[in-house]
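Structure record follows, encoded as structure tokens.
In this note's numbering, the protein residues as written are 48 to 195.
What follows is the structure in structure tokens.
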């Protein structure tokens with residue numbers, strides 16, 4: 048999937064002599080990440096605004112380390128950064144959760160030099176083991192995310 052491709056990119060960069068690291072969001076190892084994981088696995092219900100802000104807070108938890116890596120000359124390959132979070136929240140179509148509101152909590156985070164949008168065919172995604180186990184893994188919702 049997309050995470051595998053991002054990880055492989057970081058590995059290839061390293062093999063070619065580029066200092067590179069891979070980071071994936073949400074980081075489920077932090078206190079905030081554990082709440083996000085409970086939400087994604089349907090073990091916890093949260094208001095849409097609340098979960099959006101938690102996703103952003105999860106990125107902010109990593110901001111200092113991300114900035115340090117960049118200052119150290121590392122290339123950082125990030126799977127699902129701020130743009131992904133914005134797209135997922137906008138796709139919900141909730142009043143008051145437009146693009147501007149969803150982007151605001153991430154203002155000030157380190158900005159990417161490049162953003163790659165990777166899309167796999169729906170049939171490939173849905174045929175993978177475990178698809179549908181998490182809250183957002185529904186074909187119709189994924190279509191709305193791509194449109195956002």
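Beta carbons: idealized from backbone N, C-alpha and C, even for Gly.
- Bridge pairing for residue 71: 126 [DSSP].
- Shown here for residue 53: same chain residues with a beta carbon closer than 6 angstroms to its own, the five before and five after excluded, namely 124, 126 in chain order.
- As the crow flies, the alpha-carbon of residue 142 is around 37 angstroms from that of residue 68.
- The residue among 152, 171, 97, 133 with its C-alpha nearest the C-alpha of residue 191 is 133.
- Note that the C-beta distance between residue 160 and residue 106 is not below 8 angstroms.
- Taking a 10 Å sphere around the C-beta of residue 80, we find 16 or more other C-beta atoms and assign the residue as buried.
- Beyond the five residues adjoining it in sequence on each side, residue 170 comes within less than 8 angstroms, by CB distance, of no other residue in the same chain.
- Approximately 5 angstroms separates the beta-carbon atoms of residue 149 and residue 136; this is inside 8 angstroms, confirming the contact.
- Judged by DSSP secondary structure, residue 98 falls within the alpha helix (DSSP H) whose first and last residues are 95-118.
- Take residue 103, set aside five residues on each side of it, and the residues of its chain with a beta-carbon closer than 7 angstroms to its own are 132, 152, 153, in chain order.
- Residue 140 carries a coil assignment under DSSP once its states are collapsed to helix, strand and coil.
- In the structure shown, residue 85 falls within a helical segment according to DSSP collapsed to helix, strand and coil.
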